[in-house]
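All remarks here apply to the structure that follows.
2 protein chains.
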Amino acid sequence: MRKIDLHAENGFKDTTFSVFHAHASPYTKVVNFNFEPGQELPVHSHDIEGELVLAVLEGEGEFLAKDGASMPAKAGDVLISDIAEPHGVRAATRMRVLVVIAPPI
Amino acid sequence: MRKIDLHAENGFKDTTFSVFHAHASPYTKVVNFNFEPGQELPVHSHDIEGELVLAVLEGEGEFLAKDGASMPAKAGDVLISDIAEPHGVRAATRMRVLVVIAPPI
Chain A
436 MRKIDLHAEN
446 GFKDTTFSVF
456 HAHASPYTKV
466 VNFNFEPGQE
476 LPVHSHDIEG
486 ELVLAVLEGE
496 GEFLAKDGAS
506 MPAKAGDVLI
516 SDIAEPHGVR
526 AATRMRVLVV
536 IAPPI
Chain B
436 MRKIDLHAEN
446 GFKDTTFSVF
456 HAHASPYTKV
466 VNFNFEPGQE
476 LPVHSHDIEG
486 ELVLAVLEGE
496 GEFLAKDGAS
506 MPAKAGDVLI
516 SDIAEPHGVR
526 AATRMRVLVV
536 IAPPI
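In order, the protein sequences belong to chains A and B. For the first sequence, our numbering begins at 436 and goes up steadily by one. For the second sequence, our numbering begins at 436 and goes up steadily by one.
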């Protein structure tokens with residue numbers, strides 16, 4: 436059992452989103468992405484089995500999908516996506532996003 | 436790909452914490468627990484393999500562990516625990532907690 440204080444562990448960067456690898460095990464991988472307004476995790480995918488759970492912890496922006504599609508994303512929103520399905524995030528405000536990958540990449 | 440608005444889907448109950456089963460698949464199970472101040476998910480465990488990722492989305496309280504142990508828990512805190520390890524949550528304020536279970540129970 437291990438507690439992680441994401442606010443203490445991960446900040447923000449001017450140049451690009453800030454990534455903090457919180458946890459990796461045979462069961463899951465946990466990553467925290469922090470975005471300044473306008474920063475983006477570009478749409479991408481990995482051709483492997485499994486799912487991603489993206490949870491917006493703070494702020495507002497968009498979940499990005501294939502062919503330029505997007506959905507508004509705000510604190511309390513969760514996106515479930517196959518790892519193989521194109522996905523991304525764009526921030527409108529400062530945004531903290533938690534990603535849980537199962538099984539881990 | 437599916438977006439879930441936890442604020443829209445799950446509220447609060449006077450009698451006990453409010454549970455919303457957000458997602459279940461062969462890879463993971465995603466559950467949202469909302470607590471009024473003082474409400475508690477009692478310490479429990481399941482004797483199976485796998486891990487839990489508990490993320491505090493809003494509010495403050497405690498992560499509970501075996502033998503009466505506890506750790507302060509606030510928005511942005513994440514607890515990683517084996518499913519087999521005793522774990523629980525107690526709310527001090529209104530609290531929204533996201534739980535991702537991998538592999539699913």
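Heads up, the beta-carbon is just placed ideally off N, CA and C, and yes, glycines get one too. All values derive from a computational prediction rather than experimental measurement.
Test item: CB-CB of residue i and residue j under 9 Å
i	j	result
residue 524 of chain B	residue 488 of chain B	no
residue 490 of chain A	residue 492 of chain B	yes
residue 539 of chain A	residue 460 of chain A	yes
residue 496 of chain B	residue 536 of chain B	no
residue 498 of chain B	residue 501 of chain A	no
residue 442 of chain B	residue 494 of chain A	no
Contact list for residue i against chain A, beta-carbon separation under 7 Å
i	result
residue 524 of chain B	Result: empty, since nearest Cβ-Cβ is about 12 Å, beyond 7 Å.
residue 457 of chain B	513
Minimum C-alpha distance to residue i - residue among the options
i	options	result
residue 504 of chain B	B/443, B/478, B/465, B/441	B/478
residue 394 of chain A	A/498, A/471, A/485, A/500	In the structure as shown, chain A begins at 436 and stops at 540. Residue 394 of chain A is therefore absent and cannot be evaluated.
residue 483 of chain B	B/511, B/494, B/498, B/521	B/521
Below-9 Å beta-carbon distance, residue i vs any chain E residue
i	result
residue 471 of chain B	In the structure shown, chain E cannot be found, because the protein chains are A and B.
Amino acids of chain B, ordered along the chain, whose beta-carbon sits closer than 7 Å to that of residue i
i	result
residue 440 of chain A	511, 512
residue 486 of chain A	460, 462, 463
Contacts that residue i makes with chain B (C-beta to C-beta distance below 9 Å)
i	result
residue 506 of chain A	436, 438
residue 531 of chain A	511
residue 516 of chain A	436, 437
Neighbour list for residue i in chain B, Cβ cutoff strictly below 8 Å
i	result
residue 492 of chain A	490, 492, 510, 511
residue 535 of chain A	463, 488, 535, 537
Boundaries (first-last residue) of the beta strand (DSSP E) holding residue i
i	result
residue 537 of chain A	530-537
residue 468 of chain A	464-470
residue 512 of chain A	512-517
residue 453 of chain A	453-459
residue 523 of chain B	522-526
residue 496 of chain A	495-499
residue 484 of chain A	From DSSP, residue 484 of chain A is part of no beta strand (DSSP E); its letter is neither H nor E.
Partners in chain A for residue i, counting only beta-carbon separations shorter than 8 Å
i	result
residue 477 of chain B	The premise fails here: residue 477 of chain B is roughly 16 Å from chain A at the closest Cβ pair, so nothing lies under 8 Å.
residue 500 of chain B	436
residue 520 of chain B	436
Alpha helix (DSSP H) segment containing residue i, residue limits
i	result
residue 508 of chain A	It is not in any alpha helix (DSSP H) - residue 508 of chain A instead sits in the beta strand (DSSP E) that spans 505-509.
residue 443 of chain B	441-444
Segment contact, 8 Å Cβ cut-off, at least three pairs: the segment 449-456 of chain B with the segment 522-540 of chain A
no
Is the segment 508-516 of chain B touching the segment 454-466 of chain A, taking contact as three or more C-beta pairs under 8 Å?
-> yes
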